[in-house]
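*Asks:* In the numbering used here, the protein residues as written are 1 to 196.
Mind having a look at this structure? Questions to follow.
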């Protein structure tokens with residue numbers, strides 16, 4: 001401990017001199033400036049005795065802006081090519097994801113040691129089939145960054161409304177999909193509904 005104090009140029013004597021007297025307050029103890037109230041943590045708000053766990057930190061720079069896209073196919077193509085959102089995309093050997101959105105069927109297919117390819121129509125032997133309602137597509141297209149996209153996607157997956165929903169049908173076993181590498185790619189993990 002002594003070494004650390006010397007390393008940072010602090011002595012115990014200096015610390016004693018800097019400590020406030022009995023009646024003094026430190027800047028941290030003063031009242032917050034108006035408009036800068038502290039945010040209450042979820043653990044502090046639990047009234048029922050159950051402590052809420054905060055969401056795990058998202059591994060991707062979720063605040064990075066996504067360019068405007070007028071169609072969900074263009075937005076997903078961009079996300080599959082983005083180095084942060086689709087990090088480790090080369091990891092999965094192969095995958096096939098089919099979508100139904102805005103009255104169209106389209107898919108993303110990656111063959112072993114290949115690139116992710118976009119296609120229209122149905123795909124054979126898909127891993128996942130995802131249906132997204134038109135209203136949910138409109139909100140997903142309005143998301144300015146990946147973090148908001150994730151929140152909207154998971155909101156309508158977990159709590160679908162009458163006209164707003166994301167339905168995910170796993171056509172393969174989730175354990176098999178995780179072995180293929182779905183869990184290591186943030187975008188794939190989101191699309192199969194495994195992200196919190």
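For each residue, glycine too, the CB sits at the ideal point set by N, CA and C.
The alpha helix (DSSP H) spanning residue 148 covers which residue range?
*Replies:* 146 to 158
*Asks:* Ignoring anything shorter than 3 residues, give me the beta strand (DSSP E) runs that lie fully in the region 157 to 191, in order along the chain.
*Replies:* 166 to 170
*Asks:* Out of 125, 118, 132, state which residue places its alpha-carbon closest to the alpha-carbon of residue 74.
*Replies:* 118
*Asks:* What do you reckon, are the CB atoms on residue 129 and residue 98 nearer than 7 Å?
*Replies:* yes
*Asks:* Around the Cβ of residue 68, are there at least 16 other Cβ atoms within 10 angstroms (buried) or fewer (exposed)?
*Replies:* exposed
*Asks:* Under three-state DSSP, which class holds residue 72?
*Replies:* Reduced to three states, the DSSP call for residue 72 is helix.
*Asks:* Per DSSP, residue 117 forms a beta bridge with which residues?
*Replies:* 109
*Asks:* Rounding to the nearest angstrom, what Cα-Cα distance links residue 116 and residue 164 in this structure?
*Replies:* Taking the Cα positions, residue 116 is about 28 Å away from residue 164.
*Asks:* Give the straight-line distance between the Cα atoms of residue 120 and residue 108, rounded to the nearest whole angstrom.
*Replies:* 9 Å
*Asks:* Of the residues 106, 94, 172, which one's Cα is nearest the Cα of residue 113?
*Replies:* 94
*Asks:* Just the Cα atoms here: how many angstroms apart are residue 171 and residue 123?
*Replies:* 12 Å
*Asks:* Could you give the distance in angstroms between the alpha-carbon of residue 284 and the alpha-carbon of residue 176?
*Replies:* This structure does not reach residue 284, given that the chain is present from 1 up to 196, and the question cannot be answered.
*Asks:* Any idea if residue 142 is buried or exposed, counting beta-carbon neighbours within 10 angstroms, 16 or more meaning buried?
*Replies:* exposed
*Asks:* Buried or exposed: which applies to residue 126, given that a residue is buried once 16 or more other Cβ atoms fall within 10 Å of its Cβ?
*Replies:* buried
*Asks:* Beta carbon of residue 166, beta carbon of residue 138: below 7 Å?
*Replies:* no
*Asks:* Look at the alpha carbon of residue 48 and the alpha carbon of residue 147, and state the distance between them as a whole number of angstroms.
*Replies:* For residue 48, the predicted model reports a pLDDT of 35, less than 50, meaning its position is unreliable; a value from the coordinates is still stated below. Roughly 29 Å separates the two Cα atoms.
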